[in-house]
Amino acid sequence: MFHPSLDATGQFWISLTSRRATSVASMMTATTLSSIFVLDQDEALDFYVGTLGLEVNTDQDLGFMRWLTVNVPGDPGRAILLERPGPPSMDEATAERVRELVSKGAGGGWIGFDTDDARKTYEELKAKGVDFTDEPTERPYGVDFGLRDPFGNAIRIVQRVR
């Protein structure tokens, strides 16, 4: 809520301590599911499991869609839905437009992963023919590099400073 009588610092403090904001935030305990759009779920499965080394969390035909999720090995509580654009989340006309954007690498999705050794991970993925957007680079937060999945979704892999 905006309070016109407060300066920027006061407004910031009120925003941080607002009951409304903290009550909702305190109910959330974890991020458990994210999604990215893919055009072919079998190809996505091959890339995310076969190339990146993730594991299948759920692969279920729901009739109206295939619910396909993957996760970092040993971390099933944080799944990534490999979602083909379409019903029930959007009508077919919208889905066709989204698939067109995804096919151009403009799907808007991206994923970040942590690693213990960015340079070693980079070399292993390079040997598998992965399409990189940049090489491992020293940053203030650690060493990171970028790549794209077969559908153009951006992926960042970082070795954080400890």
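In the working numbering, the protein residues as written are 481 to 642.
All C-beta atoms in this analysis are idealised placements derived from N, C-alpha and C, irrespective of residue type, glycine included.
Nothing here was measured: the structure is a model prediction, and the numbers come from that model.
Of the listed residues the options, nearest to residue i (C-alpha basis)
| i | options | result |
| --- | --- | --- |
| F517 | T549, G587, V610 and G592 | G587 |
| P567 | E603, V552, V578 and F631 | V578 |
| G622 | R628, V610 and R636 | R636 |
| P565 | V552, P553, D555 and S583 | S583 |
| G626 | V641, L519, M507 and L532 | L532 |
| A634 | V641, E615, G530 and G585 | G585 |
| A598 | A607, G589, I591 and P616 | P616 |
| F544 | V529, D526, E572 and E604 | E572 |
Helix, strand or coil at residue i [DSSP, three-state]
| i | result |
| --- | --- |
| A522 | For the sequence presented, residue 522 should be read as Asp rather than Ala. It is helical. |
| V529 | helix |
| S515 | strand |
| R628 | strand |
| R577 | helix |
| V582 | helix |
Contact belief for residue i with residue j at Cβ below 8 Å, rounded distance in angstroms
| i | j | result |
| --- | --- | --- |
| A652 | L561 | Missing from the structure shown is residue 652; the chain here goes from 481 to 642 and no further. |
| Q557 | T512 | The sequence given here places Gly at residue 557; Gln does not occur at that position. Yes, they are in contact, since the Cβ atoms of G557 and T512 sit about 6 Å apart, within 8 Å. |
| F612 | V552 | With 8 Å as the limit, F612 and V552 do not qualify as a contact, their Cβ atoms being about 20 Å apart. |
| V638 | D624 | 4 Å |
Host alpha helix (DSSP H) of residue i (start-end)
| i | result |
| --- | --- |
| L605 | A598 to A607 |
Where the beta strand (DSSP E) through residue i begins and ends
| i | result |
| --- | --- |
| N537 | E535 to D541 |
| V638 | A634 to R640 |
| V550 | R546 to N551 |
| G592 | W590 to D594 |
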